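In this note's numbering, the protein residues as written are 2 to 422.
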């Protein structure tokens with residue numbers, strides 16, 4: 002480790018102080034000279050969100066032919082896509098993001114993903130987190146290496162919203178955890194039918210306490226119902242086994258119902274200290290093999306509202322902040338027999354920020370005809386996810402060529418996309 006980096010870490014550890022954040026969390030902070038530090042927030046959608054039903058190619062006839070029951074209707078139709086540029090549209094449940102699109106602070110990169118295609122949640126997530134697709138032995142994450150490069154010149158902090166450090170932040174550099182609340186799907190006393198019946202009778206009134214209890218139980222049942230619908234018994238496998246698979250793929254990430262509150266806390270952190278430069282958030286629930294339309298209709302509003310909340314909360318530093326939304330892979334172009342989609346290849350990355358040249362869908366769109374698909378089933382990867390991140394590191398965080406090579410070793414840009422002003 003270089004002497005400057007070591008001194009920077011040591012000074013942070015000795016000069017910093019503990020500050021409470023939220024109900025039960027602590028992060029190390031300290032004084033800084035610069036109020037113009039650039040920030041990067043990465044939001045990971047674990048499970049493989051269906052990019053084709055988020056950023057919809059509504060002028061592709063093949064899209065509607067491949068998805069007779071789950072395609073998003075044309076703009077102007079009932080529950081239709083929100084037109085973006087005459088060719089692509091946004092899922093209607095993401096309407097909270099349209100002002101950002103109209104203000105040109107939001108863009109998408111379609112056809113992006115890992116050049117090494119993996120349809121395993123775990124390996125695909127690993128590649129996006131370690132930044133070395135095809136190399137499984139990488140011990141640290143690219144955001145941890147990035148933090149090390151930032152700390153060569155000044156004090157910087159990375160914050161994870163979660164109980165444990167994710168792969169993307171593992172490595173030599175320390176990071177702080179913003180501990181979220183207890184998992185809302187964990188078993189609680191009122192899941193016992195007899196206890197539930199007693200409490201429901203006790204709080205059956207119209208007073209404020211009774212209403213609070215009733216609302217809480219209704220929200221809990223919605224979450225449990227959502228999991229049951231997404232992972233019912235099929236192909237000889239029980240619902241319990243599929244739920245275990247979903248939980249494992251989530252890697253401890255919270256469901257999206259908590260995202261709005263978490264985004265508000267992140268905004269406070271970013272505003273509180275310019276050293277809080279890197280933030281990682283992950284959200285689970287996007288593995289939509291079954292009943293995809295219903296699931297996206299329930300999950301996407303909270304995702305859109307959370308991102309809008311984050312943007313609103315960081316208005317004073319929005320020009321100095323880039324938010325990236327990504328997922329481990331996309332979904333198959335053709336819907337399956339369960340009104341869902343299966344693990345695919347390319348997806349759409351999202352970028353938000355005051356310096357984004359937005360109002361545009363970037364990427365080398367190949368179309369959805371069979372000849373253009375990867376292995377005749379998936380949207381092909383035409384933009385390496387590192388092409389997107391490399392541009393942010395270079396143009397937004399002012400990384401030089403040597404630093405870029407250390408953050409993304411064995412990487413050579415293949416499709417540079419200029420989406421930062």
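Backbone N, C-alpha and C define an ideal beta-carbon position, used for all residues, glycine too. Here the structure is a predicted model, which is why all the values come from computation and not from measurement.
According to DSSP, residues forming a beta bridge with residue i
| i | result |
| --- | --- |
| residue 141 | Answer by DSSP bridge pairing: none, since residue 141 is not bridged. |
| residue 248 | Note: residue 248 sits in no beta bridge, so no partner. |
| residue 344 | 332 |
| residue 161 | 178 and 281 |
| residue 379 | 333 and 375 |
| residue 351 | 109 and 326 |
| residue 40 | 322 |
| residue 256 | 285 |
| residue 421 | 357 |
Residue span of the alpha helix (DSSP H) that contains residue i, given as start and end
| i | result |
| --- | --- |
| residue 267 | 260-273 |
| residue 408 | 402-408 |
Collapsed DSSP secondary structure at residue i in the structure displayed
| i | result |
| --- | --- |
| residue 311 | helix |
| residue 357 | strand |
| residue 30 | The predicted position of residue 30 is uncertain, since its pLDDT is 39 and thus under 50; a value taken from the coordinates is nonetheless stated next. Strand. |
| residue 305 | helix |
| residue 414 | coil |
| residue 368 | coil |
| residue 317 | helix |
| residue 292 | coil |
| residue 127 | helix |
| residue 201 | helix |
| residue 339 | coil |
| residue 132 | coil |
| residue 206 | coil |
| residue 149 | helix |
Continuous beta strand (DSSP E) stretch holding residue i: start and end
| i | result |
| --- | --- |
| residue 393 | Taken as a continuous stretch (DSSP letters only), residue 393 belongs to no beta strand (DSSP E), being part of the alpha helix (DSSP H) at 386-396. |
| residue 363 | 361-363 |
Own chain residues within Cβ distance below 8 Å of residue i, not counting five before or after
| i | result |
| --- | --- |
| residue 37 | 275 and 321 |
| residue 166 | 176 and 178 |
| residue 382 | 112, 113, 114, 115, 116, 118, 346, 347 and 375 |
| residue 73 | 54, 57, 59, 80, 81, 82, 90, 92 and 93 |
Sequence-distant residues of its chain with Cβ nearer than 6 Å to residue i (five each side left out)
| i | result |
| --- | --- |
| residue 351 | 109 and 326 |
| residue 309 | 97 |
| residue 271 | 40, 277 and 315 |
| residue 337 | 343 |
| residue 140 | none |
| residue 95 | 301 and 305 |
| residue 158 | 276 and 277 |
| residue 416 | 384 and 388 |
| residue 323 | 41, 354, 393 and 397 |
| residue 409 | 132 and 387 |
| residue 44 | 282 and 326 |
| residue 120 | 344 |
| residue 88 | 60 |
Cβ neighbours of residue i in the same chain (closer than 7 Å, five flanking residues each side left out)
| i | result |
| --- | --- |
| residue 386 | 113, 114, 115, 129, 327 and 350 |
| residue 25 | Only weak support exists for where residue 25 lies, its pLDDT of 32 falling under 50; the value from the coordinates is given anyway. Contacts found: 180. |
| residue 85 | 91, 102 and 362 |
| residue 414 | 388 and 391 |
| field | Any alpha helix (DSSP H) of 4 or more consecutive residues that is wholly inside the segment 44-121 | value | List check, alpha helix (DSSP H) in window: 62-67 and 99-103.
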